[in-house]
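Numbering (the working numbering), first residue to last: 1181 to 1518.
All C-beta atoms in this analysis are idealised placements derived from N, C-alpha and C, irrespective of residue type, glycine included.
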């Protein structure tokens, strides 16, 4: 059987110092399964990237079987709109992959544009049950749930017997991910555990890195800012920490949280967007309300004081995330891309 040809559109920006996004992970997985892939775009400037995506779609869409489009909720929404409409024009099957944690707001702000994209899609792929539920509630019937995936065998699970207040945060520095909350949490934790530490890993996205550093300095709160690290590097760093915190205002199914679970770090996270669909409070993570510094601080204290609870959460999390291994998830993609 001839391999299916795919045009995959997304933000391919790791070579410019940004974290790898789905096009650079799922794209590799699909390539390894024998699909013939064209990837776009790796242009750093957003306007040039949009033009590159449009031109690539113009010249390549009629030569492929499917167009995959990573679809976000903010400014990157527009490349999904234009490229999907070109695919419609050329009568090529296109599949938006719903990446943006705030897409529900986009559905309400731009209902006509969203119908133009999502109603005519071959399928809309929702990595979270949250977005699948939201889209179906808005009347879209062509939605399939395919979770984000990792290669579980690459993640060494560290079984911890003690849980110290050594906190790890891994995300791009952007206001929607609320990095300053992590500093506030550390400040509160140090009132009880003066030697508590926080390491924050990730590239700057919108100026929030400097803002966060300035804020930490203003309250005399020492933090280890590493900048962007390769996955393998922060995995090694994770072994020196005991608790993973996720402070985001909006989210879908964050890969960094899944990776922390795979590595054996108990997770404390805000319960926004798709998080409650991905995680179960007190079962495989501890969930707190958005921007609730005191709640997150107390959750960290509970993990430190109750080693059995922390250990159970970590082991349950590993077992849960093993279900998202590529060996399992690839079967759903193969059924979709027939």
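* In angstroms with no decimal places, state the Cα-to-Cα distance between residue 1239 and residue 1270. => 11 Å
* Under three-state DSSP, which class holds residue 1236? -> Residue state, collapsed to three classes: helix.
* Neighbour-count burial assignment, residue 1197, 16 or more Cβ in a 10 Å radius -> Counting C-beta atoms within 10 angstroms of its own C-beta, residue 1197 has fewer than 16 neighbours from the protein chains shown and is therefore classed as exposed.
* To do: Classify residue 1216 as helix, strand or coil using the three-state DSSP reduction.
  => strand
* **residue 1181 (DSSP reduced to helix, strand or coil)** => Legend: pLDDT at residue 1181 = 49, less than 50; position of this residue unreliable, value from coordinates given subsequently. In this structure, residue 1181 counts as coil in the three-state DSSP scheme.
* **From 1391, 1406, 1513, residue whose alpha carbon lies closest to that of residue 1378** => 1406
* Asked: What are the complete beta strand (DSSP E) segments, minimum 3 residues, inside the segment 1392–1450?
  -> As far as the segment 1392–1450 is concerned, its whole beta strand (DSSP E) runs of at least 3 residues are 1404–1407, 1423–1426, 1447–1450.
* Asked: Taking buried to mean at least 16 other C-beta atoms within 10 Å of its own C-beta, is residue 1243 buried or exposed?
  -> Result: exposed.
* Asked: Roughly how many angstroms separate the alpha carbons of residue 1185 and residue 1236, rounded to a whole number?
  -> 14 Å
* residue 1181 burial status per 10 Å Cβ neighbour count (16 or more: buried) -> Reliability fails at residue 1181, whose pLDDT of 49 lies under 50, so the model's placement of it is uncertain and no value is given.
* Asked: Around the C-beta of residue 1508, are 16 or more other C-beta atoms found within 10 angstroms, so that it is buried, or is it exposed?
  -> exposed
* DSSP three-state call for residue 1284: helix, strand or coil? -> Correct three-state label for residue 1284: helix.
* Residue from 1253, 1254, 1255, 1249 whose Cα sits closest to the Cα of residue 1263 -> 1249
* Count the C-beta pairs between the segment 1324–1337 and the segment 1348–1362 that are closer than 8 Å, then say yes if the count reaches three, no if not. => no
* Does DSSP classify residue 1187 as helix, strand or coil? -> Correct three-state label for residue 1187: strand.
* Given a threshold of 16 other Cβ atoms within 10 Å of its Cβ, counted over all protein chains shown, does residue 1204 qualify as buried or as exposed? -> So residue 1204 counts as buried.
* To do: Give every residue of the same chain whose Cβ lies closer than 6 Å to the Cβ of residue 1206, excluding the five residues on either side of it in the sequence, and list them in chain order.
  => none
* To do: Look at the alpha carbon of residue 1202 and the alpha carbon of residue 1436, and state the distance between them as a whole number of angstroms.
  => 12 Å
* To do: Please report the residue range of the alpha helix (DSSP H) in which residue 1504 lies.
  => Per DSSP, residue 1504 belongs to no alpha helix (DSSP H) and is neither H nor E.
* Length-filtered (3 minimum) beta strand (DSSP E) runs lying within the segment 1302–1352 -> 1304–1306, 1323–1325, 1346–1350
* Return the first residue and the last residue of the beta strand (DSSP E) that residue 1222 is part of. => Per DSSP, residue 1222 belongs to no beta strand (DSSP E) and is neither H nor E.
* To do: Taking residue 1247 as part of the beta strand (DSSP E), name the residues at either end of that continuous run.
  => 1246–1251
* **Contact under 9 Å by Cβ, residue 1431 with residue 1454** => yes
* Asked: If you compare alpha carbons, which of 1423, 1511, 1429, 1503 is closest to residue 1345?
  -> 1423
* Please list, in chain order, all residues of the same chain as residue 1318 whose beta carbon is under 6 Å from its beta carbon, the five residues on each side excluded. => 1287
* Okay, do the segment 1335–1345 and the segment 1394–1406 touch, 3+ Cβ pairs below 8 Å being the bar? -> no
* Asked: residue 1387: buried (16+ other C-beta within 10 angstroms of its C-beta) or exposed?
  -> exposed
* Tell me, please, which residues DSSP counts as bridged to residue 1274. => 1247
* **Continuous beta strand (DSSP E) stretch holding residue 1381: start and end** => 1377–1381
* Nearest-angstrom Cα separation, counted from residue 1251 out to residue 1233 -> 13 Å
* Inter-residue CB distance, residue 1419 and residue 1338 (contact presumed, cutoff 8 Å) -> Their Cβ separation, rounded to whole angstroms, is 5 Å, which keeps residue 1419 and residue 1338 in contact under 8 Å.
* Exposed unless 16 or more other CB atoms sit within 10 angstroms - verdict on residue 1336 -> Residue 1336 should be labelled exposed.
* At least 3 beta-carbon pairs within less than 8 Å: the segment 1484–1499 vs the segment 1359–1368 -> Contact fails: fewer than three Cβ-Cβ distances are below 8 Å.
* Asked: If we ignore side chains and look at the alpha-carbon of each, how far apart do residue 1541 and residue 1451 end up?
  -> What is shown of the chain runs 1181 to 1518, which leaves residue 1541 out entirely.
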